[in-house]
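Quick notes on the structure that follows.
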Amino acid sequence: MTNLTDKCRIRRALICMSVNGLFRLMQRDIERVLFDGPAIHKRLDEIAAQIAADYRDRELTVIAILTGTLMFMSDLLRRIPLPLKLDCLSVASYHGKTQTSSEVTFKQLSVPDVAGRDVLILDDILDTGHTLAAVREKLETAKPLSIRVCVLLSKRKQRARDVNADYIGFEIEDEFVVGYGLDFMERYRNLPYIGVLRKELLEQPNQ
Ligand code: IMP
Ligand code: MG
Numbered sequence: 010m011t012n013l014t015d016k017c018r019i020r021r022a023l024i025c026m027s028v029n030g031l032f033r034l035m036q037r038d039i040e041r042v043l044f045d046g047p048a049i050h051k052r053l054d055e056i057a058a059q060i061a062a063d064y065r066d067r068e069l070t071v072i073a074i075l076t077g078t079l080m081f082m083s084d085l086l087r088r089i090p091l092p093l094k095l096d097c098l099s100v101a102s103y104h105g106k107t108q109t110s111s112e113v114t115f116k117q118l119s120v121p122d123v124a125g126r127d128v129l130i131l132d133d134i135l136d137t138g139h140t141l142a143a144v145r146e147k148l149e150t151a152k153p154l155s156i157r158v159c160v161l162l163s164k165r166k167q168r169a170r171d172v173n174a175d176y177i178g179f180e181i182e183d184e185f186v187v188g189y190g191l192d193f194m195e196r197y198r199n200l201p202y203i204g205v206l207r208k209e210l211l212e213q214p215n216q
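Just so we're aligned: the sequence shown equals residues 10 to 216 in the working numbering.
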């Protein structure tokens with residue numbers, strides 16, 4: 010006969026098995042891993058050192074674009090030993106599943122107060138350039154002292170808007186990637202690495 014502690018242990022093991030199973034299913038959707046956790050962290054050490062050197066003796070104002078920058082923002086900012094202020098902007102630019110539109114919608118009504126400040130915009134990925142161009146234009150209306158852009162990933166492609174990033178984690182080919190904050194239809198953000206999503210998943214009508 011199994012006692013209560015045994016039953017709890019069995020239940021916990023079953024939950025653990027099904028959770029691991031679901032995580033493995035999600036991993037099967039990845040065609041190949043581009044950057045694993047240690048590679049990302051090593052690169053963040055380098056970018057953080059560069060930012061800290063460039064902004065020494067100044068107070069930085071970081072404006073992070075949600076939601077894709079969550080992991081990147083928290084790992085990068087903890088490596089920057091400078092006084093800084095942080096604000097987040099939430100924007101929507103996807104009007105299909107993977108195509109960014111030129112119509113970038115801001116979810117906040119007011120522009121962050123960045124007058125006279127050294128602003129560093131953080132975004133997960135530079136693709137067409139629509140999002141960063143719109144965010145930059147919006148912040149410029151608040152008259153900051155300077156604006157620079159830092160992205161975790163930059164796709165090698167012709168951009169729709171002329172935007173450059175001052176700090177780039179990794180340059181990648183024009184492929185759809187997920188993980189470490191990046192999503193496809195809000196999924197895969199919690200993968201601890203960045204990988205290319207299997208092409209056939211991008212074409213499925215309903216997910
Ligand atoms: P852009 O406006 O086309 O430069 O795209 C910027 C936004 O589109 C990013 O902040 C991402 O949220 C999203 N995005 C672009 N490419 C990818 C990708 O390969 N994977 C996941 N999200 C992407
Ligand atoms: Mg996204």
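By construction, the Cβ of each residue, glycine as well, lies at the ideal position given by its N, Cα and C atoms.
Predicted model, so just to flag it, every value in this text is computed and none were measured.
Query raised in the report: Does the beta-carbon of H139 have 16 or more other beta-carbons within 10 angstroms, so that it is buried, or is it exposed?
Result: buried
**Report entry** Host beta strand (DSSP E) of T70 (start-end)
**Finding:** Counting along the chain, the unbroken beta strand (DSSP E) around T70 starts and ends at L69 to L75.
Query raised in the report: Nearest-angstrom Cα distance between K116 and L98?
Result: 8 angstroms
Report task. With DSSP as the reference, label L95 as helix, strand or coil. Result -> In this structure, L95 counts as strand in the three-state DSSP scheme.
Query raised in the report: Considering only C-alpha positions, which residue in the set L141, P90 and D183 is nearest to L75?
Result: L141
Query raised in the report: Cβ of I72 versus every heavy atom of the ligand IMP: is any distance shorter than 7 angstroms?
Result: No, the Cβ of I72 stays beyond 7 angstroms of every heavy atom of the ligand IMP.
Query raised in the report: What does G115 pair with, by DSSP beta-bridge criteria?
Result: This sequence places Phe at residue 115; Gly is not what is there. F115 is bridged to V100.
Query raised in the report: Using the beta-carbon count (16 or more within 10 Å), is C159 buried or exposed?
Result: Label assigned to C159: buried.
Query raised in the report: What are the boundary residues of the beta strand (DSSP E) that includes R52?
Result: Not the beta strand (DSSP E): R52 falls in the alpha helix (DSSP H), residues G46 to D63.
Query raised in the report: Which of the three DSSP states, helix, strand or coil, is assigned to R196?
Result: strand
Query raised in the report: Between which two residues does the beta strand (DSSP E) carrying D132 extend?
Result: D127 to L135
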